[in-house]
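Encoded as structure tokens, the structure appears first; notes follow it.
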Amino acid sequence: DRLRSIDSSVTELMFWGHRDAQTWTLFIHLRYVGPNGSLAFLECSPDHFIYLNGRIRPAQTAQVGDTLQHSSGRALPVVEVRSMVRQGLFNPHTLDGNLVVNDIVVSSYTSAVLPST
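In the working numbering, the protein residues as written are 34 to 150.
Structure (structure tokens):
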């Protein structure tokens with residue numbers, strides 16, 4: 034399988050860290066201002082790594098005022114951070130370590146599978 038990555042490129046799916054549609058999981062809900070000015074959101078597990086202010090960080094560290102990286106490269110401001118429980122947990126790990134979710138560039142890494150330094 035191939036997934037969308039940075040700059041509209043594609044990356045190979047290496048394996049699924051989680052792939053369970055039935056489990057109930059705590060998520061971090063990040064509402065942000067999209068490129069057209071409308072509100073959009075990204076939800077991920079607290080330990081999932083995302084790009085905050087251009088640096089890879091766990092989602093649980095996000096704060097209002099931080100920025101997310103849009104697939105176009107634009108930095109988009111976070112306007113709300115909250116926790117919520119949702120059903121389903123999916124975590125694809127990609128060859129290049131990145132993927133695009135809801136037009137936001139995220140890492141495929143988590144606290145369980147850390148990026149190499």
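For glycine and all other residues, C-beta sits at the position ideal for the given N, C-alpha and C. Since we're looking at a predicted model, the values are computed, not measured.
Take residue i as the anchor and find which of the options has the nearest alpha-carbon.
i	options	result
residue 56	141, 45, 72, 118	118
residue 144	54, 83, 127	83
residue 111	43, 136, 52, 74	74
residue 81	95, 108, 71	95
residue 98	66, 46, 135, 120	66
residue 130	89, 107, 52	89
State the start and end residues of the unbroken beta strand (DSSP E) segment that holds residue i.
i	result
residue 145	Careful: residue 145 lies outside any beta strand (DSSP E) and carries neither H nor E.
residue 131	131 to 134
residue 126	108 to 127
residue 100	100 to 102
residue 91	88 to 91
residue 95	Run containing residue 95: none; DSSP gives neither H nor E here.
Indicate whether residue i and residue j have their beta-carbon atoms separated by less than 9 angstroms.
i	j	result
residue 44	residue 109	no
residue 50	residue 124	yes
residue 193	residue 60	Residue numbering for the chain in the displayed model covers 34 to 150; residue 193 lies beyond these limits and cannot be assessed.
residue 139	residue 77	yes
Return the Cβ separation of residue i and residue j in integer angstroms, given the expectation that the two are a contact with Cβ distance under 8 angstroms.
i	j	result
residue 68	residue 115	That belief does not hold up - the Cβ atoms of residue 68 and residue 115 are roughly 22 angstroms apart, past 8 angstroms.
residue 63	residue 101	7 angstroms
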